[in-house]
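Trainee: Sending over a structure as structure tokens; questions will come in a sec.
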Amino acid sequence: MFKKYSIAAGAVLAVGLAGIAAPAVAKVEGDTIILGSAISLSGKYSTNGLHTQRGYDFAVDRINEKGGVKVGGKSYKLKVKYYDDESTPARATQLAERLIQQDGIEFMLGPYGTGLTKAVAPVTEKFGVPMVEAEGASRSLFTQGYKYMFAVLSTSEYYLAPVLDIIAAKAKAEGKDPSKMRIGMAFENDGFSLDVRAGVVDTAKKLGMKIVIDDKLPADLSDMSATLTKFKALKPDILLVSGHSKGAATAARQVEEMRIQAPVIAITHCEAAKVHEKFPKFANGVMCPTQWLSNLPKKDSYFGSAADWNRDFKKIHTSYTEVPYQTAQASAAVLVFKDAFERANTFDQKKVRDALAATDMETFYGDIRFAPEGNNIAKPMFYRQITADGMYTPIITQADMTFPRKANY
Amino acid sequence: MLDNLQLLFVYAPIMNVQMILDGIFVGAVFALIAYGLALVWGVMNVKNICQGDMVIMGGYIAFTLYQLGVHPIFAIPIVAAVMFIYGWIIYVMIIRRVIDNDMFVSLLATFGLSLLMTQVMNLIYGPEVQTIDSHFPIAMMFDDFVTIPMVKIVSLALAMLLAAAVVIFMKKSRMGQAIRATAQDARAARVLGINTDNIFAFTYSLNAAICGVAGVLVSMIWVLQPFYGIIYTLRTFAIVTAAGLGNLPGVISMSFVLGWVEQYAGIVAGAEWQVAASVLMLLAVLMWRQVQMRRQRQVVR
Chain W
1 MFKKYSIAAG AVLAVGLAGI AAPAVAKVEG DTIILGSAIS LSGKYSTNGL HTQRGYDFAV
61 DRINEKGGVK VGGKSYKLKV KYYDDESTPA RATQLAERLI QQDGIEFMLG PYGTGLTKAV
121 APVTEKFGVP MVEAEGASRS LFTQGYKYMF AVLSTSEYYL APVLDIIAAK AKAEGKDPSK
181 MRIGMAFEND GFSLDVRAGV VDTAKKLGMK IVIDDKLPAD LSDMSATLTK FKALKPDILL
241 VSGHSKGAAT AARQVEEMRI QAPVIAITHC EAAKVHEKFP KFANGVMCPT QWLSNLPKKD
301 SYFGSAADWN RDFKKIHTSY TEVPYQTAQA SAAVLVFKDA FERANTFDQK KVRDALAATD
361 METFYGDIRF APEGNNIAKP MFYRQITADG MYTPIITQAD MTFPRKANY
Chain A
1001 MLDNLQLLFV YAPIMNVQMI LDGIFVGAVF ALIAYGLALV WGVMNVKNIC QGDMVIMGGY
1061 IAFTLYQLGV HPIFAIPIVA AVMFIYGWII YVMIIRRVID NDMFVSLLAT FGLSLLMTQV
1121 MNLIYGPEVQ TIDSHFPIAM MFDDFVTIPM VKIVSLALAM LLAAAVVIFM KKSRMGQAIR
1181 ATAQDARAAR VLGINTDNIF AFTYSLNAAI CGVAGVLVSM IWVLQPFYGI IYTLRTFAIV
1241 TAAGLGNLPG VISMSFVLGW VEQYAGIVAG AEWQVAASVL MLLAVLMWRQ VQMRRQRQVV
1301 R
């Protein structure tokens, strides 16, 4: 019995060793620049991981088609080496080390999500590997003093807090006192959502709005009826929920079931949770933040306008009806790298890093300019409200907003 | 916390009605799952860590049928049958091999199974939250303050019906008697001509079927996600440990207590304490038992 197992173990080991012994890839081989990324292809974040990977690949193909990256008078092709981080931070850290130490990768693209980016960033920082990430929005990523990490997206405090400003303006326009408005809110107990919450708390204080419910939802809670019952009793004017797509789906289901008539409801990840399709009664009048709009009037020479990118991406990936912003920002991250390589005109990591820090460009995803902390400060966050027929309409000023929300349960 | 208590008992005492009702609905579903766990634990001495994943699996089977146009209520017998067969396969492939080993082997085996099931469901259905709309009406009472979705009442009735059926089956039928005999003393049962291997297989499959039915109820009331199994496992372990094995009334009443504790903890201490409350409750029960037993403990010299 034991012998049988030891043979099996030996075989597994041999296969493993063969894997390790395969020739190590260097960062630039011949005319190819190899970027590395640990991405969630299985586990909790596999759907969003796939959205991200498709965004990266789409941009890599497009840049290669259009002549690649020109450095030192020579044209290079881009390629990405992926590993599956299984949606676990410990694995992501391991894989980042493996990419850098064993595979010799010298430039990285970020993983999916705040938690995994937090796991990878210390490694890239330690080895001085420049990383452009597109999916980690938490404010806390940019307070660590990382010098080699750059993010193309807006940070977490812009997800829900500015919604309060819009509401305050709306209330003023209707002759109401915004400081009389009360907020009931529930945030998932994770880094990203708590950062969203911190932004909301600051803005509410500034506007004089009172927070009457402030619940933190456990990561695996599928029932938030206790919070909503409290909401019904206290009747605040504003309901805010953030907990990735599962938080959005749970909130949508139970708000609909309990028929909560809050004048304003704002949640994150509406599009990802498809609330407009699955919970049309709830969705009516709900406000959602988004990083990017597919009709954004911005463009670049590789993808054209936002609408062009959207159309071309859908042509290749026909299964998408609404392309999530996660994919768009992944494409933008690759474009930022290409731009930095060309401006640095070398593959020296330090010089590429400095070129990244000096980035100032317009892309189909919006303007990109990094703060000293590495986050993108040139692009605003966008807000949309869902109409009765399930369409998303942009809210630029308070005049665009339907207030109060009136749902027909 | 104080303002929450004030809200609950001074400003809006009507909230209590909602809480108590929700506690009952939650408890009914838990009672089903916990009874299945107690059965397997008591008869086979296997601690089934994949209990919650079987619940979620049942929910996903109902979800698949729902997409094919089968209403979840009619999906129940189909899910029960599929899960019964699945339980039998798992028993033959895995459980039979670990049943005679010590506790940790069965813990590890079912834990591994739990991971496997989670990942397979994740591969098939993806990590998005799925729901089933049962299209039952929602009743509103007390000036629209208290909501009672009919689906919860239907689930309560179904849970009670199933629990009663299982109890009668265990008391009256030949198979039920054999299961009880095996639980008492497997060796003696074997001597008396009971095929205990069959009994174990049947018990495990029955548990899988019960979990499957509970999963259909979960899919109609709450939401499904491949990774949600663990919370059901955790809660039912708390219930069964607190109630004691072979104590059916205890398991059922403990399920309702857990339902209420969770609801009230969610209101009074905040949603972050909702799941923690069930574990704290288990801790309290165990400590209380320890104190109680110490009083009767005698030193054997």
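Order-wise, the sequence lines are chains W and A.
For the first sequence, position 63 (counting from the first letter as 1) is numbered 63 according to our numbering, and the numbering increases by one without interruption.
Quick note, our numbering runs 1000 ahead of the 1-based positions in the second sequence.
Note that beta-carbon positions come from the ideal geometry of N, C-alpha and C, so glycine has one too.
Report the CB separation of A/A1277 from W/A226 in whole angstroms; it is logged as a contact under 8 Å.
Mentor: About 11 Å; that fails the 8 Å criterion.
Trainee: Between the beta-carbon of W/K379 and the beta-carbon of W/S154, is there less than 8 Å?
Mentor: Yes, they are a contact pair.
Trainee: Evaluate contact between the segment 1095 to 1115 of chain A and the segment 217 to 233 of chain W, counting only Cβ atoms and requiring at least three cross-stretch pairs below 8 Å.
Mentor: The answer is no - the segment 217 to 233 of chain W does not touch the segment 1095 to 1115 of chain A, with fewer than three Cβ pairs under 8 Å.
Trainee: Across the segment 295 to 308 of chain W and the segment 399 to 406 of chain W, are there enough close Cβ pairs to call them in contact, namely three or more that are closer than 8 Å?
Mentor: no
Trainee: Quick one: is W/D195 buried, meaning 16 or more other Cβ sit within 10 Å of its Cβ, or exposed?
Mentor: buried
Trainee: Which whole runs of the alpha helix (DSSP H) in the segment 85 to 164 of chain W are 4 residues long or more, in chain order?
Mentor: List check, alpha helix (DSSP H) in window: 89 to 97, 114 to 126.
Trainee: In its own chain, which residues sit with a C-beta less than 6 Å from the C-beta of W/M381, not counting the 5 before and 5 after it?
Mentor: S154, Y158, P289
Trainee: Considering Cα atoms alone, identify which of W/M391, W/N295, W/L109 is closest to W/F364.
Mentor: W/N295
Trainee: Do A/I1094 and A/G1212 have their beta-carbon atoms positioned less than 8 Å apart in this structure?
Mentor: no
Trainee: Would you tell me roughly how many angstroms separate the C-alpha atoms of A/M1121 and A/I1049, rounded to the nearest one?
Mentor: 16 Å
Trainee: Say whether chain W places a C-beta atom closer than 8 Å to the C-beta of A/Y1091.
Mentor: no
Trainee: Residues of chain W with a CB under 9 Å from the CB of A/Y1006: which are they?
Mentor: For clarity, residue 1006 of chain A is Gln in the given sequence; the question names Tyr instead. What A/Q1006 touches in chain W: nothing, since even the nearest Cβ is about 11 Å away.
Trainee: Can you name the start and end residues of the beta strand (DSSP E) that A/M1128 belongs to?
Mentor: Strictly speaking, residue 1128 of chain A in this sequence is Glu, with Met absent from that position. Per DSSP, A/E1128 belongs to no beta strand (DSSP E) and is neither H nor E.
Trainee: Is there a C-beta anywhere in chain A that falls below 8 Å from the one on W/P324?
Mentor: no
Trainee: For chain A, check one thing: does any of its Cβ atoms lie closer than 8 Å to the Cβ of W/K232?
Mentor: yes
Trainee: Could you name each continuous alpha helix (DSSP H) segment of 4 residues or more that falls completely within the segment 1173 to 1206 of chain A, going from the start of the chain to the end?
Mentor: For the segment 1173 to 1206 of chain A, whole alpha helix (DSSP H) runs of length 4 or above, ordered along the chain, are 1174 to 1184, 1186 to 1191.
Trainee: Examine the Cβ distances between the segment 1069 to 1080 of chain A and the segment 1208 to 1226 of chain A and report whether three or more of them are shorter than 8 Å.
Mentor: Output reads yes: the segment 1208 to 1226 of chain A touches the segment 1069 to 1080 of chain A.
Trainee: Could you check if W/I396 is buried or exposed, using at least 16 other CB atoms within 10 Å of its CB as the buried criterion?
Mentor: exposed
Trainee: Could you tell me which residues DSSP puts in a beta bridge with A/P1226?
Mentor: Paired residues: none, contrary to the question.
Trainee: Beta carbon of A/A1038, beta carbon of A/V1251: below 8 Å?
Mentor: Closer than 8 Å, so yes.
Trainee: Measuring only the C-alpha atoms, how far is W/Q261 from W/A330?
Mentor: 37 Å
Trainee: Which residue or residues does DSSP assign as beta-bridge partners of W/K298?
Mentor: Beta-bridge pairing links W/K298 to no other residue.
Trainee: Which whole-angstrom value is the C-beta distance of W/A151 and W/D190, which I expect to be below 8 Å?
Mentor: Rounded, the Cβ-Cβ distance is 18 Å, inconsistent with contact.
Trainee: Would a C-beta distance cut-off of 8 Å place W/M149 and W/R182 closer than the cut-off?
Mentor: Judged by their CB atoms, W/M149 and W/R182 are not nearer to each other than the 8 Å cut-off.
Trainee: Using the beta-carbon of each residue, which ones in chain W are nearer than 8 Å to A/W1222?
Mentor: S222, D223, T250, R253
Trainee: Quick check on W/L296 - is its C-beta less than 8 Å from some C-beta in chain A?
Mentor: Contacts with chain A at 8 Å (Cβ-Cβ) do not include W/L296.
Trainee: Do you know whose CA, among W/T88, W/D177, W/I238, lies nearest W/I213's CA?
Mentor: When each option's Cα is compared against that of W/I213, the closest is W/I238.
Trainee: Measuring alpha carbon to alpha carbon, tell me which residue in W/Y392, W/R369, W/F303 is nearest W/Y56.
Mentor: W/F303
Trainee: Give the secondary structure of W/T346 by DSSP, where H, G and I count as helix, E and B as strand, and everything else as coil.
Mentor: Assigned with DSSP and collapsed to three states, W/T346 falls in coil, not helix or strand.
Trainee: Under three-state DSSP, which class holds W/V323?
Mentor: coil
Trainee: Whose C-alpha, out of W/T114, W/S42, W/L164, W/V286, is nearest the C-alpha of W/D85?
Mentor: W/S42
Trainee: When the Cα of A/N1247 is compared with those of A/L1108, A/G1036, A/T1118, A/M1057, which residue comes out closest?
Mentor: A/G1036
Trainee: Which residues in the same chain have their Cβ closer than 6 Å to the Cβ of W/A388, if we skip the five residues on either side of it in sequence?
Mentor: N284
Trainee: Can you tell me the Cα-Cα spacing of W/G49 and W/P111, whole angstroms?
Mentor: 8 Å
Trainee: Is the beta carbon of W/R259 less than 8 Å from the beta carbon of A/D1197?
Mentor: no
Trainee: Would you kindly report the start and end of the unbroken alpha helix (DSSP H) that includes A/M1281?
Mentor: 1274 to 1296
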